[in-house]
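Residue numbers (the numbering used here): 8 to 545.
Reviewing the structure listed below.
So, in structure tokens, the structure goes:
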């Protein structure tokens, strides 16, 4: 039996020896060693992403100042903000692909340089149409920077510190928008400078450019990839995402489908975006591999992330809105709201990452703990009255400061743990597009609910004001009544929104528990090298 088996094996071996040898397959590129110089480059990419966030946040908070100093109407100023957000959405699905094709270092510096150059120029422009075009273009440059941070963290960081890289990415969603409140107040103090509303990113951007230039390694161009791109899909996706972004941003002001313009933007943008996604699904080399959403932790996890981003808009923006309407406070009087949430993010993300490296920690339960903190913060804020000041929001802000990094970092860990390193660019495009969309939807939802619930409470309070009017003169009562009712209705509307977000966050908990369990990463340490026998004898 053994002889009959050996014979074919022998003949097969002879045939294999006689056959011409096949060329050896190319070995995968060796990973780039993580050095202090590379760490400096990655930190520069982080600073650039922070500058990108501030570039949208600060002018968004200073729309009234921009309107007055530029000589444009408030509606035109809101278009500037909407076009910038739309530009960000346009760039995010494609940024990682182009960073690989043209090399990360080259493409990143190009986008960063474009953003800073336009920040330098825009304050000098007085024509609204040109200003709007440049602001949209700046949004494209800015939106391309954030996806490269996640792509770089997944590509360059070794396993022992990769989670800390994801924590740094989380800071772009939890630190920059909240610290932006303080920075906006700083540049809006008398005398208000239109230049510094845009120029505030230049010092941070210049430092980031130097660090990226010297820290990120020079990689070769991969121009043959240009033949493989889904250009038809890109031609559909860019205008589709732009129109969808503008339509959502301006929806409340233009009354959604009651406005022919906004209705056309939403319908055309939604249709083109759907065609783009269909094209991406069927293309062999897409910009975003949508099939990856079939993995439970990506599809369900990113849906949770989208809804969580909408709820996170309650952390700082809504308390500021309440205090501005009820107490007439200005941004410089409310900087503590942003700093309480923002500053702890500098170290809390890394603390969460260290917890996730512990074998006894289940990321899903830690995620739930973060959501419970955020829900409790909404509950505390829902008790708001017209007498509240900044101090009354302290504990809700503390809970948001703790809950947000826990939830975001855990979500990133659970999602990226089912992703291979080479799939990082696809994930980066998907999650950052969802992030931009979630931010827009959150702002639109809050504004719409403030309008609807505010009108409801306004009417209810007016109906109950007869007794109060009978105790005062008609003129005085009418004047005082409308100012009091308007302020009180705004407070009650925001309290309703806090309750809605509390329920939304609690409803996310079952979905989080359904995510696939991912154990803590196992860090394989190289064995200690034993000294040779000759060295021991010596």
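Just so it is clear, CB atoms sit at the ideal spot from N, CA and C, and this is done for glycine as well.
- Note that the C-beta distance between residue 299 and residue 243 is not below 9 Å.
- Residue burial is scored here from C-beta neighbours: residue 287 has at least 16 other C-beta atoms within 10 angstroms and is therefore classed as buried.
- Distances from the CA of residue 405 to each of 519, 127, 380, 368 were compared; the closest alpha carbon is that of 380.
- In this model, residue 249 and residue 97 are separated by some 6 Å (Cα to Cα).
- Its chain contains 109, 110 as the residues whose beta carbon lies nearer than 7 Å to that of residue 228, once the 5 sequence neighbours on both sides are disregarded; these appear in chain order.
- Boundaries of the alpha helix (DSSP H) around residue 72: 70-77.
- In this structure, DSSP gives residue 133 a state outside helix and strand, which the three-state scheme calls coil.
- Shortest Cα-Cα distance from residue 459 to any of 267, 395, 445, 262 involves 262.
- With a cutoff of 9 Å on beta-carbon distance, residue 57 and residue 103 are scored as not near each other.
- Ranking 378, 464, 191, 160 by CA distance to the CA of residue 518 puts 378 first.
- When DSSP states are grouped into helix, strand and coil, residue 524 belongs to the coil group.
- Under the 10 Å beta carbon count, residue 464 is surrounded by 16 or more other beta carbons and is classified as buried.
- Secondary structure at residue 212: helix, using DSSP grouped into helix, strand and coil.
- Each of 245, 289, 425 was checked against the Cα of residue 278, and the nearest Cα belongs to 245.
- Under the three-state reduction of DSSP, residue 339 is assigned to helix.
- Here residue 115 is buried. Its C-beta has 16 or more other C-beta atoms within 10 Å.
- Linking residue 251 to residue 472 through their CA atoms gives a straight-line distance of about 42 Å.
- With contact defined as three or more Cβ pairs closer than 8 Å, the region 231-238 and the region 115-124 are not in contact.
- Per the coordinates, the alpha-carbon of residue 42 lies some 28 Å from the alpha-carbon of residue 101.
- Contact check for residue 271 against residue 321 fails: the beta carbons are separated by 9 Å or more.
- Residue 465 sits in a helix when the DSSP states are folded into three classes.
- Taking C-alpha positions only, residue 503 is separated from residue 469 by approximately 19 Å.
- Secondary structure of residue 364 (DSSP, three-state): coil.
- Per DSSP, residue 291 lies in no alpha helix (DSSP H) segment and is marked neither H nor E.
- In the structure shown, residue 234 adopts helical secondary structure according to DSSP, grouped into three states.
- With 16 or more other CB atoms across the displayed protein chains lying within 10 angstroms of its CB, residue 95 is buried.
- Here the alpha carbons of residue 429 and residue 525 stand approximately 20 Å from one another.
- DSSP, reduced to helix, strand and coil, places residue 218 within a helical segment of the structure shown.
- With three or more CB-CB distances shorter than 8 Å, the region 66-84 counts as touching the region 125-135.
- With 16 or more other CB atoms across the displayed protein chains lying within 10 angstroms of its CB, residue 256 is buried.
- According to the DSSP assignment, residue 110 belongs to no alpha helix (DSSP H), since it is labelled neither H nor E.
- Residue 313 and residue 522 have their alpha carbons spaced roughly 15 Å apart.
- Closest in C-alpha terms to residue 276, from the list 253, 259, 296, comes 253.
- As for any alpha helix (DSSP H) of minimum length 4 sitting wholly inside the region 163-204, the runs are 166-181, 183-194, ordered along the chain.
- By alpha-carbon distance to residue 335, the top candidate from 297, 372, 455, 491 is 491.
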